[in-house]
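Colleague: Just add 166 to the spot in the sequence shown (first one is 1) and you have my numbering.
Before I ask anything, let me first share the structure, which is written out below as structure tokens.
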Amino acid sequence: MNRTAWNLLVDLISFLAFFASTASGLVLWWALPAPGSGFRRGGAAVAGELFLGLSTPGWVAIHRITSLILAALILLHIALHWNWI
């Protein structure tokens with residue numbers, strides 16, 4: 167695989183990881199706020215709520231994993247473009 171193909175692959179996967187991390191963060195912030203946070207239209211979230219079949223710990227796991235993947239890919243992106251720096 168040549169350098170251009172690597173750049174394309176890293177950029178594409180980075181975009182997908184960014185989108186997944188952002189989407190899961192928005193779900194955690196808006197759809198499944200922490201109980202007692204008072205964000206949800208003046209009230210607290212109900213324990214055990216699900217969004218698209220996943221509870222808060224499931225969304226937190228998705229958010230953490232995709233954020234770590236994104237961070238690793240950003241480092242790889244910087245390494246691939248080190249000559250430009």
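Every residue gets a Cβ at the ideal spot worked out from N, C-alpha and C, and that includes glycine.
Does DSSP classify I228 as helix, strand or coil?
Modeller: The answer is helix: DSSP assigns I228 an H, G or I state.
Colleague: Nearest CA to the CA of P199: which residue from A245, V176 and P223?
Modeller: P199 has its Cα closest to that of P223, out of A245, V176 and P223.
Colleague: Out of curiosity, what's the CA-to-CA distance linking S233 and S187?
Modeller: Near 6 Å, if we compare the C-alpha coordinates of S187 and S233.
Colleague: Span of the alpha helix (DSSP H) holding I179?
Modeller: Its alpha helix (DSSP H) spans residues R169 to L192.
Colleague: Tell me which same chain residues have a C-beta within less than 7 Å of the C-beta of G209, skipping the five on either side of it?
Modeller: Bear in mind that the predicted position of G209 carries a pLDDT of just 47, short of 50, making it unreliable; the figure below should be weighed with that in mind. Excluding positions up to five away in sequence, the list is empty.
Colleague: Kindly indicate which residue of A227, L236 and W195 has the alpha-carbon position closest to the one of L182.
Modeller: Nearest C-alpha to L182: L236.
Colleague: Tell me the DSSP secondary structure of G209 in three-state form.
Modeller: Residue placement at G209 cannot be trusted, given a pLDDT of 47 that sits under 50; what the coordinates show is reported in the next sentence. Three-state DSSP puts G209 in a strand.
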